[in-house]
Structures are given as C-alpha cells and as structure tokens.
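Counting from 1, position 55 in the sequence shown corresponds to residue 55 in full-length UniProt numbering; the numbering is continuous, with no gaps.
Remarks on the structure that follows.
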Amino acid sequence: MSDLRTKAEHTAAIQRDRRVAVVVNTRSRRGRRHYFEVIEQLHESGFEPLVELSVYNPKRLRELLDTALATDPDLLIVGGGDGTLSSAVRHVAHRDVALGVLPLGTTNNFARSLGLPLDLAGAIRVFQTGKVADIDLGMADDRPFANLASFGVSVEVAGTVKPWLKRLLGRPAYPLTALTILPGHRPFRAFITVEGQRHELLTHQLNIANGRFHGGWQVARDISIDNGTLVAYQLGSGKKLRLLGETLLRATTGRWRSLAGGPFVVGREMLLETDPPMAADVDGEVRLRTPIRLRVVPNGVRVMVPDSFEDR
C-alpha cells in the first residue's frame with residue numbers, strides 16, 4: 001500500500017472533490033425500501049455521484065462494483081448487509097479508494113465494528129465529517145473477509161434462517177433459528193494452532209473474528225477490527241445445554257465479555273483443523289472447508305469512519 005495517498009490527503013480529497021460512486025444492494029433488508037432515500041440524501045449533502053447503481057440480482061454485485069470503481073472515485077459508497085459489504089471490502093483492498101458504508105442489513109456487524117451510526121442520515125454524515133482510516137483485512141486461505149469466519153451451528157443457521165423472519169425480527173432471527181437446529185446437531189473437535197501452540201476444544205460453534213461484533217452483539221470489549229490480530233472463540237461447549245444457554249443469553253441481553261475472561265485464542269495467524277472436516281461460513285458465504293489457514297493483513301483496506309474512531 002506504499003503507493004497510496006496519506007490518509008489525511010485522502011480525507012481532504014473526499015471532502016474537497018466529493019468524487020463518490022454509489023452501489024446499493026436492493027435485495028438487502030432495507031436496501032430496496034431506502035434506495036431512493038439514499039440517493040436523495042446524498043444529493044442534499046452535496047454529493048453528485050459519478051454513478052448510482054442498484055443491485056437487485058446478487059450475481060451482478062461484483063460486476064457492478066467493478067463498474068463503480070471504473071469511474072475512479074475517491075470514495076465507494078456501498079449500501080447493504082454484511083455479505084454485500086464483505087464483497088466491497090474485497091474489491092477495495094489495497095487500493096487507493098476508501099469504502100463508505102451504508103448499513104442496510106439485519107445485523108450490520110461490519111458497520112458496528114467501525115463505530116458507524118446505524119441510521120441513514122448519520123451514516124451519510126460520516127462521509128461529510130469523518131476521516132479515512134485503514135483497518136485489518138482477514139484472510140481465510142486466499143479468501144479475504146471483513147468480519148468473521150464461523151464453523152458449526154451457524155453454518156446451518158445461515159442456510160436455514162427464513163428471509164421473512166429476518167425482516168420481522170431482525171437480529172433475534174438468528175439465535176431463534178439456531179434453537180431449532182441445535183437439538184439434532186453433533187459437536188465437533190477443533191484444533192487451533194497459533195505460534196506453535198495447539199489448542200483443542202469440543203464445541204458446537206466456533207468463530208474466528210476480525211471484527212468486533214457477531215450477530216449484531218459485541219463479542220468482547222477489547223476486540224478491535226484494527227489491532228492486527230484475529231480472535232477465535234467458542235459459544236458454549238460440547239454440551240448442548242451450555243450452547244442453548246449461551247444462545248438465549250446473547251438473544252436477550254447481548255452480554256459483553258472481555259478477552260481476559262476467555263475462552264479466547266488470539267493471534268495474527270491460525271491454522272484451524274476440525275474432526276470431522278467442516279464447511280466454513282466466511283462473511284456469509286459457504287465456500288471453504290477445513291483445514292483452513294487464517295491470517296490478518298494489518299491496514300489492508302481503507303474505510304470512511306467517524307472522527308472518533310481509533311485508527312491504529
């Protein structure tokens with residue numbers, strides 16, 4: 001990233017020239033309802049986008065992100081859920097363009113990790129008054145990710161949760177769906193190797209986080225999307241009742257935990273092996289299987305964040 005402008009220069013260019021391109025996923029929870037409102041509020045805020053694109057067919061998302069980037073914007077504004085934003089992160093990684101986030105999904109983990117307002121007007125205000133920061137990029141084998149790689153119950157939940165339930169309930173749709181899957185789910189054994197040390201655990205659910213939030217709730221106070229490390233943690237254990245209790249607790253309270261409270265495994269690079277081999281949900285896409293090598297690329301992607309964001 002040595003050929004990039006400084007972050008201060010990049011911020012100044014966005015505020016001065018307002019060269020932005022806009023891509024909104026209108027299949028996301030709020031995207032279709034708010035698309036024209038997004039465009040109207042951007043214009044009212046003094047932005048005249050180089051291109052304004054609506055994505056209804058998810059298969060065209062990557063193509064339309066490329067179309068937007070071809071206009072050479074300083075800021076690529078993307079509206080959608082975490083899956084849409086993860087695709088956008090992969091497109092802007094290591095490039096001299098910042099990602100502007102419009103949180104239009106169900107859980108909005110990525111936006112929460114950046115400390116962004118979750119309302120439309122607040123998110124757009126960040127483009128006017130915020131700053132360019134560089135945050136960590138996760139890698140699962142050769143696949144970039146923004147927020148989370150998960151294994152176990154959540155992979156089945158992602159493929160089972162009903163769109164109407166997400167629209168009706170929002171975040172609680174995920175743990176409630178998990179409660180229907182858990183009775184028939186079998187625990188698995190995971191082996192995490194970090195800096196030569198091998199950790200073994202038996203669990204129904206394992207997450208490896210780059211970001212700070214999962215399911216719309218904070219994983220721990222001291223996790224950051226900009227600290228150069230990944231954090232592996234299990235929900236519950238090999239016992240269904242413990243995971244049931246953990247799931248209910250997160251669904252009702254969003255309980256905070258500290259890394260010091262464990263069980264967490266922290267490192268810049270991890271090798272994950274499971275018995276049996278398992279599918280991985282990487283930011284909402286199930287394409288990889290264990291064993292997987294996960295690592296973090298510090299400051300791998302530029303984003304627009306509130307001025308209060310601690311950029312390390």
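Glycine included, each C-beta is placed from N, C-alpha and C at the ideal position.
Tell me whether the beta-carbon of Leu76 lies closer than 8 Å to the beta-carbon of Ala93.
no
From Val132, Arg27, Val20, Tyr56, pick the residue whose C-alpha is nearest to that of Leu42; which is it?
Val20
For Pro49, does the count of other Cβ atoms within 10 angstroms reach 16, so buried, or fall short, so exposed?
Per the 10 Å Cβ criterion, buried.
Three-way DSSP call (helix, strand, coil) for Pro277 in this model:
coil
8 Å contact criterion, which Asn147 and Gly80 should meet: CB distance rounded:
Going by Cβ atoms, the distance from Asn147 to Gly80 rounds to 13 Å, so no, they are not a contact pair.
Do the CB positions of Arg289 and Ala280 come within less than 8 Å of each other?
yes
What first and last residue would you give for the beta strand (DSSP E) that runs through Ala232?
Element bounds for Ala232: 230 to 234.
Closer than 7 Å: Ala279 CB and nearest the ligand ADP heavy atom
Judged by which ligands are present, the structure shown has none, so any question about the ligand ADP falls away.
Residues near Leu85 by beta carbon distance below 7 Å, same chain, minus five either side:
Val78, Val101, Phe110, Ala146
Taking C-alpha atoms, which residue in Leu4, Val265, Val97, Leu104 lies nearest to Leu69?
Check the Cα spacing between Leu69 and each of Leu4, Val265, Val97, Leu104: the tightest is with Val97.
Sufficient close CB pairs (3 or more, under 8 Å) joining the segment 6 to 20 to the segment 122 to 141:
At 8 Å Cβ cutoff, the stretches touch.
Using the rule of at least 16 other Cβ atoms within 10 Å of the residue's Cβ for burial, across every protein chain shown, is Ile292 buried or exposed?
buried
Residue environment, Ser113, which counts as buried when at least 16 other CB atoms sit within 10 Å
Buried: at least 16 other Cβ atoms inside 10 Å.
To the nearest angstrom, how far is the alpha carbon of Arg198 from that of Ile192?
Computed Cα separation, rounded: 6 Å.
Quick one: using the 10 Å Cβ neighbour count with 16 as the cut-off for buried, is Ala121 buried or exposed?
exposed
Assigned exposure category for Tyr35 - 16 Cβ within 10 Å defines buried:
buried
Using 10 angstroms around the beta-carbon of Asn207, count the other beta-carbons present and answer buried if the total reaches 16, otherwise exposed.
buried
With distances taken between CB atoms, is the gap from Gly228 to Pro298 smaller than 8 Å?
yes
Would a C-beta distance cut-off of 8 Å place residue 330 and Asp136 closer than the cut-off?
Nothing in the structure corresponds to residue 330, since the chain is present only between 1 and 312.
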